[in-house]
Structure formats: structure tokens, C-alpha cells
Amino acid sequence: MSSKVALVIVSHSDLLARGVREVAEQMAPDVHIECAGGMQDGSLGTSYDKVASAITRALGAIETGHDGAGVVCLTDMGSADLTVESVQEMEDFEALEHAHAPLVEGTIAAAISAQSGSSRSEVRAAAERAGAPDTPRSAASPVGRVVIHENEDTADHVVTATARVADPVGLHARPAALLARLAGSFDAEVFVNGADAGSALEVMALGVRQGDIVQLRATGPQAQEAIDALVDKLEE
């Protein structure tokens, strides 16, 4: 039985729900993900019974005896939202939250967050941030040494470095997820070309390819350790 938050994908299409799950499972192999797609007869639509059953299975696959445990539902549109809300009202699912987020991006963000051990509310927030407007990215700098300097206003140490990406597929899909998971394991805020290194979606959006040079920046108690680990990961 898993201690991680589980996900339920609710879609008008069974094929769509299963396809999204397939992608998410590549990035979060330890997260339990259920699908509730289509009607009972296989036609398009959303089914109250299928959603309730999927949530029940998800809850049964995880440990719910601690704060932050539970299930997060993600939906594609319209009546899927209404179906989940109806299930929340009619069934006694206390450890359940509904994330209002783009289905694909939200599910991937939620899965990566759950994989890292985040709480139910944190997983939901990660999914919903996936639908927020993009922020500008800073350009990469030439390869260079790690530089440590002190921010005069906050007395925080800022650690920077550059790395050349070695992975043949660049920072796409699974490599981005692995980098995000690594960045999230340190007590530090880490950025890659201005994007949050702890967000696989932000890293993927950079469009970094093999051979590209990226700029890393970190602050916090484990900033140096985080930078060292990410440089090694990017260049291996």
C-alpha cells in the first residue's frame, strides 16, 4: 500500500484518460493512478458510478491514516467537473480534492508532485499551477565555473553554474521529470534558465536540446549541494 497521494483521471473518453495515465506513469512510477473515462457502455460521456468506483479503488490503494493523504481528481471539461462535484457531495470521501487544471499538464504536474511525497493539497496546487500563464525565461550563459555571491539585501547565498545537457532527448518528458525530482530533494530553490527546476512542465517548456548550455541558479541552505547534483545529472 502506497503512502503517496493517488490520482483519478476523469474524462469523457476512456482512451484519453488511459493515454494521459500512460504518460504520467512514465514520470511518476510509484504513484497510483485510476481512470474513469467514458460511459459504462464505452460511449463518450462521464459516469457517476465509474468515477465513484475509481475514487474508491484509489483510496483503497493508499494509506489514508495521516494528514495530507488521499486522492486528487483531474478532469477534462464541463460535465466531468459536475460529475466529480456530485460524487463529492453524495459520497463520504473526506480525503478527496478536485484540481481545476488542464488535464494533460495538470495530471503530469500532480503526478510528479505526488511522486516526491507532497501532501494532497500540495499535489492539487501543483496541478493548478500548471494552468497558470507562462513567465519569461532568462537566456542561458556560456559554460563557466560555479560562482557564489551574497545578496546584500537578504544575506542569502546565491550559487550559480552552467552545464551542457548530455541527454540525447534534451530536457523533455522523463529527463525533465527526473531533474525536477532531484531539484525537489534539496532544501533550496533552484532555477534552470529562469524556470523552476522543481517543475517538470516549466523545464520542458524551455525546449532545451542535447548540447545546449543551461544556466543554473540556487538559493537556500542546500544551494551548493543542489547545484552540484544538477550539474552532474545534466552532464552525465
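Take 1 as the starting number for the sequence shown in the UniProt record's numbering and just add one per residue. Just so you know, even glycine gets a beta-carbon here, dropped at the ideal spot from N, CA and C.
{"Check": "Can you give the Cα-Cα distance for Val71 and Gln115, rounded to whole angstroms?", "Outcome": "13 Å"}
{"Check": "From Ile62 to Ile213, what distance separates their C-alpha atoms?", "Outcome": "41 Å"}
{"Check": "Give the straight-line distance between the Cα atoms of Thr83 and Cys35, rounded to the nearest whole angstrom.", "Outcome": "14 Å"}
{"Check": "Which residue comes first and which comes last in the alpha helix (DSSP H) that contains Ala166?", "Outcome": "Looking at the DSSP string, Ala166 is not in any alpha helix (DSSP H), and its letter there is neither H nor E."}
{"Check": "Since Gly170 contacts Val231 with CB under 8 Å, what's their CB separation in whole angstroms?", "Outcome": "Actually they are not in contact, since the Cβ atoms of Gly170 and Val231 sit about 16 Å apart, beyond 8 Å."}
{"Check": "Are Ala130 and Ala109 closer than 8 Å when you measure CB to CB?", "Outcome": "yes"}
{"Check": "Take the Cβ of Asn151 as the centre, count every other Cβ of all protein chains shown within 10 Å, and call the residue buried at 16 or more, exposed below.", "Outcome": "Reliability of the predicted coordinates at Asn151 is poor, the pLDDT of 49 falling under 50, and the value obtained from them is presented with this limitation in mind. When all chains shown are included, Asn151 counts as exposed."}
{"Check": "Give the list of continuous beta strand (DSSP E) stretches no shorter than 3 residues that lie fully inside the UniProt domain \"HPr\" (158–236).", "Outcome": "189–192, 213–219"}
{"Check": "Shortest alpha-carbon distance to Val123 belongs to which of Asp167, Leu59, Cys73, Phe186?", "Outcome": "Cys73"}
{"Check": "Does the Cβ of Asp30 have 16 or more other Cβ atoms within 10 Å, making it buried, or fewer, making it exposed?", "Outcome": "exposed"}
{"Check": "Can you tell me where the beta strand (DSSP E) with Ile62 in it begins and where it stops?", "Outcome": "It is not in any beta strand (DSSP E) - Ile62 carries neither H nor E in the DSSP assignment."}
{"Check": "Thinking C-beta only, is Ala223 closer than 8 Å to Ala188?", "Outcome": "yes"}
{"Check": "Using 8 Å as the threshold, is the C-beta distance between Ala58 and Val8 below it?", "Outcome": "yes"}
{"Check": "Please state the DSSP three-state secondary structure of Ser11.", "Outcome": "strand"}
{"Check": "Write down every uninterrupted run of the alpha helix (DSSP H) in the UniProt domain \"PTS EIIA type-4\" (4–135) whose length is 4 residues or greater and which is fully enclosed by it, in chain order.", "Outcome": "14–27, 48–60, 78–90, 103–115, 120–129"}
{"Check": "If distances are taken between C-alpha atoms only, which option among Ser199, Ala200, Ser79, Leu182 comes closest to Glu225?", "Outcome": "Leu182"}
{"Check": "Could you give the distance in angstroms between the alpha-carbon of Leu16 and the alpha-carbon of Thr75?", "Outcome": "11 Å"}
{"Check": "Taking the C-alpha atoms as reference points, what is the distance between Gly78 and Thr219?", "Outcome": "41 Å"}
{"Check": "Relative to the C-alpha of Glu105, which candidate in Ser47, Ala126, Ala69 has its C-alpha closest?", "Outcome": "Ala126"}
{"Check": "Have a look at His172 and Leu206 and give me their C-alpha separation to the nearest angstrom.", "Outcome": "9 Å"}
{"Check": "Less than 6 Å between C-beta atoms, sequence neighbours within five positions excluded: which residues of the same chain meet that for Ile98?", "Outcome": "For clarity, residue 98 is His in the given sequence; the question names Ile instead. These residues qualify, in order along the chain: Cys73, Val84."}
{"Check": "Considering Cα atoms alone, identify which of Val158, Tyr48, His12, Met204 is closest to Leu103.", "Outcome": "His12"}
{"Check": "What is the C-beta distance between Val165 and Gly198, in whole angstroms, given that I count them as a contact (C-beta under 8 Å)?", "Outcome": "With a Cβ gap of about 18 Å, Val165 and Gly198 do not count as contacting."}
{"Check": "Would you kindly work out how many angstroms separate the C-alpha atoms of Ala163 and Pro175, rounded to a whole number?", "Outcome": "15 Å"}
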